[in-house]
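Heads up: the structure comes next, in structure tokens.
Residue numbers (my numbering): 373 to 605.
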């Protein structure tokens, strides 16, 4: 018997993305799609419901939102998906096959951005190198894990930033974190809006600050400052 998969999507003002993301999961072999909204002021919740997702509400904190979805999920496998990320065809089979490998605690997909240009290809290669050397995929690579392993790792910390990085480090203590063969394709909207180098530098600062033990609120301010500094269209 195949283990059922619950897909959990945290959202905040994602009316432009959520419909396509949920529709892209139709016909896939998953138990359910749960959207956990953080108080959107746009049409995110209505669109999510109209496209077939189960919608829950939680405060605007991605770690807390994903924990809320995990607590309500029926599946034995939890797949955490960002609202602007599309999964590859046949992803459910890849998820089950990856988690069935001996010694694996969790998995994710390979990273790809949906834009063109050498700078974005360089970002993809840097992410691939980080995953090969450090086994530290990010949340936009669609992290998946068995429910019991997720609980044993302590779930997501309800922090403002780096919640995925923090969980994956704890999952690594329980087993190997590996990449499936397929690619999760993420919107390049943030890199277009803020600039490739600004986003990359902000990521590096947050990682360094995390390892130095800086408070997550400070890291969130760095991230938000980078967004505010971006030129407006």
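Where a beta carbon is used, it is the ideal one built from N, C-alpha and C, also for glycine.
Note that the coordinates shown come from a computational prediction; the quantities given were computed from them, not determined experimentally.
**Item:** CB contact below 8 angstroms: residue 486 versus chain B
**Value:** Protein chain content of the structure displayed is limited to a single chain, and chain B is not contained in it.
**Request:** Could you check the C-alpha separation between residue 605 and residue 565 for me, to the nearest Å?
**Result:** Counting from one through the chain shown, the residue named residue 605 turns up at place 233. Counting from one through the chain shown, the residue named residue 565 turns up at place 193. With a pLDDT of 45 at residue 605, under the threshold of 50, the modelled position of this residue cannot be trusted; read the value that follows with caution. Looking at the two C-alpha atoms, the distance is approximately 8 angstroms.
**Message:** Tell me which residues share the same chain as residue 416 and place their Cβ nearer than 7 angstroms to its Cβ, disregarding the 5 neighbours each side in the sequence.
**Reply:** By 1-based counting over the chain shown, the position of residue 416 is 44. Around residue 416: 383, 385, 386, 387, 390 and 409.
**Request:** Would you identify the three-state DSSP class for residue 402, choosing helix, strand or coil?
**Result:** Indexing the chain shown from 1 puts residue 402 at position 30. Correct three-state label for residue 402: coil.
**Asked** Who are residue 496's beta bridge partners in DSSP?
**Response** As a working note, residue 496 is residue 124 in the chain shown. BP columns for residue 496 are empty, so no partner.
**Message:** Closer than 8 angstroms is the cut-off here; do at least three beta carbon pairs connect the segment 550 to 565 with the segment 476 to 492?
**Reply:** A contact exists between the segment 550 to 565 and the segment 476 to 492.
**Prompt:** Mapping DSSP to helix, strand and coil, what is residue 605?
**Reply:** Residue numbering aside, residue 605 sits at position 233 when the chain shown is read from its first letter. Because the pLDDT of residue 605 is 45, which lies under 50, any placement of that residue in the model is unreliable, and the number read from its coordinates should be weighed accordingly. It is coil, neither helix nor strand.
**Prompt:** Does the distance from the CB of residue 582 to the CB of residue 591 come in under 8 angstroms?
**Reply:** One-based indexing of the chain shown puts residue 582 at position 210. One-based indexing of the chain shown puts residue 591 at position 219. Yes, these two residues count as a Cβ contact at 8 angstroms.
**Request:** Indicate the three-state DSSP secondary structure (helix, strand or coil) for residue 588 in the structure shown.
**Result:** Reading the chain shown from its first residue, position 216 is the one you call residue 588. Residue 588 falls in the helix class under three-state DSSP.
**residue 615 to residue 563 span [Cα, whole Å]** = Nothing can be reported for residue 615, as the shown portion of the chain is limited to 373 through 605.
**In chain order, each alpha helix (DSSP H) run of at least 4 residues that lies wholly inside the segment 424 to 471** = 434 to 444 and 463 to 471
**Request:** Just confirm the distance between the C-beta atoms of residue 477 and residue 392, as a whole number of angstroms; I'd bet it's less than 8 angstroms.
**Result:** Along the chain shown, one-based indexing puts residue 477 at 105. Along the chain shown, one-based indexing puts residue 392 at 20. Actually they are not in contact, since the Cβ atoms of residue 477 and residue 392 sit about 31 angstroms apart, beyond 8 angstroms.
**Prompt:** CB-CB under 8 angstroms to residue 555, same chain, minus the five flanking residues each way: which ones, in chain order?
**Reply:** Indexing the chain shown from 1 puts residue 555 at position 183. Within the same chain, residue 555 has close Cβ partners 460, 481, 482, 483 and 484.
**Item:** Where residue 555 falls: helix, strand or coil (DSSP)
**Value:** Here residue 555 is taken as the residue at index 183 of the chain shown, counted from 1. In the structure shown, residue 555 sits in a strand (DSSP, three-state: E or B).
**Prompt:** Who are the Cβ neighbours of residue 502 in its own chain at under 7 angstroms, not counting the five residues just before and after it?
**Reply:** On the chain shown, residue 502 is found 130 positions in, with the first residue counted as 1. 508, listed in sequence order.
**Prompt:** Between residue 449 and residue 518, is the Cβ-Cβ spacing less than 8 angstroms?
**Reply:** Within the chain shown, residue 449 is the residue found at index 77, counting from 1. Within the chain shown, residue 518 is the residue found at index 146, counting from 1. Yes; because the gap between Cβ atoms is below 8 angstroms, this pair is in contact.
**Prompt:** Measuring CB to CB, does residue 405 end up less than 8 angstroms from residue 436?
**Reply:** Along the chain shown, read from residue 1 onward, the residue named residue 405 stands at position 33. Along the chain shown, read from residue 1 onward, the residue named residue 436 stands at position 64. The answer is no: Cβ separation not under 8 angstroms.
**Message:** Would residue 568 and residue 492 be called neighbours here (beta carbons separated by less than 8 angstroms)?
**Reply:** Your numbering for residue 568 matches position 196 in the chain shown. Your numbering for residue 492 matches position 120 in the chain shown. Going by C-beta atoms, residue 568 is nearer than 8 angstroms to residue 492.
**Asked** Mind checking residue 526: buried by the 16 CB within 10 Å criterion, or exposed?
**Response** Here residue 526 is taken as the residue at index 154 of the chain shown, counted from 1. Under a 10 Å Cβ-count criterion, residue 526 is classified as exposed, with fewer than 16 other Cβ atoms of the shown protein chains found around its own Cβ.
**Message:** Less than 8 angstroms between the C-beta atoms of residue 438 and residue 380, yes or no?
**Reply:** Position 66 of the chain shown holds residue 438. Position 8 of the chain shown holds residue 380. Result yes, Cβ atoms of residue 438 and residue 380 sit closer than 8 angstroms.
**Request:** Identify every residue that forms a DSSP beta bridge with residue 549.
**Result:** By one-based count along the chain shown, residue 549 stands at place 177. The partner list for residue 549 (beta bridge, DSSP) reads 478.
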